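Taking it in order: structure first as C-alpha cells, then the write-up.
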C-alpha cells in the first residue's frame with residue numbers, strides 16, 4: 139500500500155510469540171551457516187503489523203498465521219532457521235526503525251514497494267500484486283466510488299487507499315482516516331462510515347460477512363515486497379529472492395497462495 143502508515147500509540151509494540159516467538163532486539167552478531175548476519179541465533183526474525191488478514195493475523199489456535207507468515211516460515215525453513223515474529227506499528231516498519239534497532243531481520247507486512255520506501259529499505263523481488271476495493275453494507279445502492287457522493291468513506295491513514303479515495307471520490311465525499319483495519323471494519327459495522335476503501339484481499343475477508351459486499355475494485359499497480367535494512371542486507375535479500383524463486387518452482391508458493399486466496 140502506498141505510504142501505508144498504520145499508526146499506533148507506540149513506535150514498536152512487541153507481543154508474545156505464538157508459533158513464532160516475539161523477542162527484544164537481538165545482538166545482530168549471529169550468522170547463518172552460509173554467513174548471513176541475523177539478529178538472533180538459529181532464527182529468522184520477522185517484524186509485522188497484526189492484524190491484517192489474510193496476510194498476517196492471529197489464528198484460532200493462538201498462532202501467527204496468514205499469507206505473509208506462511209511465506210516467511212517457509213523461507214526460514216529453507217535457510218535452516220526457525221521463525222520468530224515481532225508485532226510492530228507500521229510506522230516503525232516502513233521507516234526501518236525496527237531494523238535499525240536490531241529487532242528483526244526482515245519485514246513481512248503486506249508492504250508495497252515504493253520509491254520512498256526504497257530510500258530506507260532494501261526490498262526483495264515482488265511476491266504479491268494487489269488491487270484496491272470499496273466495501274459497503276450489503277443493502278447499499280453504491281456500485282462504485284462515484285456513488286459515494288455525500289457519503290463517508292473510511293481509509294487506513296497514509297495508504298494507497300487514502301490517496302486514491304481523496305483523488306477520485308466525489309468532492310463532497312468525506313474521507314475519514316483510521317489507524318487499523320480493525321478500526322475501519324468496526325466503524326463500518328457501527329454505521330459510522332458508509333464504506334471502506336482498502337486492499338482487495340482484506341475487504342474480501344470482510345465480505346465473508348454477508349452483511350457487507352464489494353462495490354468495486356481499482357488497479358493502483360501495487361506490488362508487495364519483503365524488506366530488510368537498506369545497507370548491509372545484500373546477502374539476506376539474495377537469499378530471500380532465491381527462496382521465493384524456489385517456492386515458485388516447487389509449487390509451495392502456489393500452495394500457500396491457494397490456502398488464503400482460492401480456498
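In this note's numbering, the protein residues as written are 139 to 401. Here a beta-carbon is modelled for each residue, glycine too, at the ideal position from N, C-alpha and C. Please read all numbers here as calculations on a predicted model, not as lab measurements.
1) Under 7 Å Cβ to Cβ from residue 167, same chain only, skipping five residues before and after it: list those, please.
2) How many angstroms separate the CA atom of residue 225 from the CA atom of residue 185?
3) Does DSSP classify residue 182 as helix, strand or coil?
4) Examine chain B for any beta-carbon lying closer than 7 Å to the beta-carbon of residue 169, and answer yes or no.
5) Just to confirm my understanding: we take residue 326, look at its own chain, exclude 5 residues before and 5 after, and list those with CB closer than 6 Å. What are they?
6) Considering only their Cβ atoms, is the gap separating residue 288 from residue 316 smaller than 7 Å?
7) In whole angstroms, what is the alpha-carbon distance linking residue 169 and residue 179?
8) Over the uninterrupted alpha helix (DSSP H) stretch that includes residue 327, give me the two end residues.
9) Indicate the three-state DSSP secondary structure (helix, strand or coil) for residue 209 in the structure shown.
10) Using only alpha-carbon positions, find the residue among 284, 301, 235, 321 that is nearest to residue 307.
11) Quick one: grab the DSSP three-state call for residue 376.
12) Give me the DSSP bridge partner(s) of residue 294.
Well, looking at it:
1) Shown here for residue 167: not one same chain residue has a beta carbon closer than 7 Å to its own, the five before and five after excluded.
2) Roughly 6 Å separates the two Cα atoms.
3) Residue 182: strand per DSSP, three-state reduction.
4) Included in the structure is just one protein chain, with no chain B present.
5) Within the same chain, residue 326 has close Cβ partners 334.
6) No, the pair does not count as a contact, with Cβ atoms beyond the cut-off.
7) Near 7 Å, if we compare the C-alpha coordinates of residue 179 and residue 169.
8) Per DSSP, residue 327 belongs to the alpha helix (DSSP H) from 319-327.
9) In the structure shown, residue 209 sits in a helix (DSSP, three-state: H, G or I).
10) With distances taken between CA atoms, residue 307 lies nearest to 284 out of 284, 301, 235, 321.
11) Assignment of residue 376 by DSSP, reduced to helix, strand and coil, places it in the helix class.
12) Listed as beta-bridge partners of residue 294 by DSSP are 316.
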